[in-house]
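Please read the structure below before turning to the comments.
Structure below.
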């Protein structure tokens, strides 16, 4: 059965993609990318674009509005989920790309809840990405924790 891959593409540097993320992005027949507004480009897509072969891969950009007012957002999430599910039902793997890590403040989490609750038969594989938290700490030269220190 086809599956959904939630692929973290890191903080913006293509060289920080994991090898697994790169492999999945080269192999998946469908790539789904979030954008903040209609007609907007996808930052996540710009990171992985050089890996893609548009002659054999379908690239879908779905709107995930970034706003404080949550009213009406369910409609966007439902439409994006329906798009992914339709490709899965056609037997195509879908790689949903997201900045950073798919399970840390990610646009994928909205879809994950829908898939988990309504489509438990569809396999979901999560590919972690370098988060902005760790990337920023490294860039600043500030260790987050050492030895028995706690992060809280």
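Residue numbers (the numbering used here): 8 to 159. Each residue gets a CB set at the ideal place from its N, CA and C atoms; glycine is no exception. These figures come from a predicted structure and were not determined experimentally.
### Task
Let me know the beta strand (DSSP E) ranges lying completely inside the stretch 101–143, each 3 residues or longer, listed in chain order.
101–105 and 131–134
### Task
Under 6 Å Cβ to Cβ from residue 144, same chain only, skipping five residues before and after it: list those, please.
151
### Message
Tell me the rounded alpha-carbon separation between residue 118 and residue 88.
### Response
6 Å
### Query
Which word fits residue 28, buried or exposed, when buried means at least 16 other C-beta atoms lie within 10 angstroms of its C-beta?
buried
### Message
Give me, in chain order, the residues of the same chain whose beta-carbon lies closer than 7 Å to that of residue 49; leave out the 5 immediate sequence neighbours on both sides.
### Response
40, 41, 42 and 68
### Message
Closest to residue 62 by C-alpha separation, out of 36, 83 and 70, would be which residue?
### Response
36
### Task
Hey, could you find the ends of the alpha helix (DSSP H) residue 54 is sitting in?
50–55
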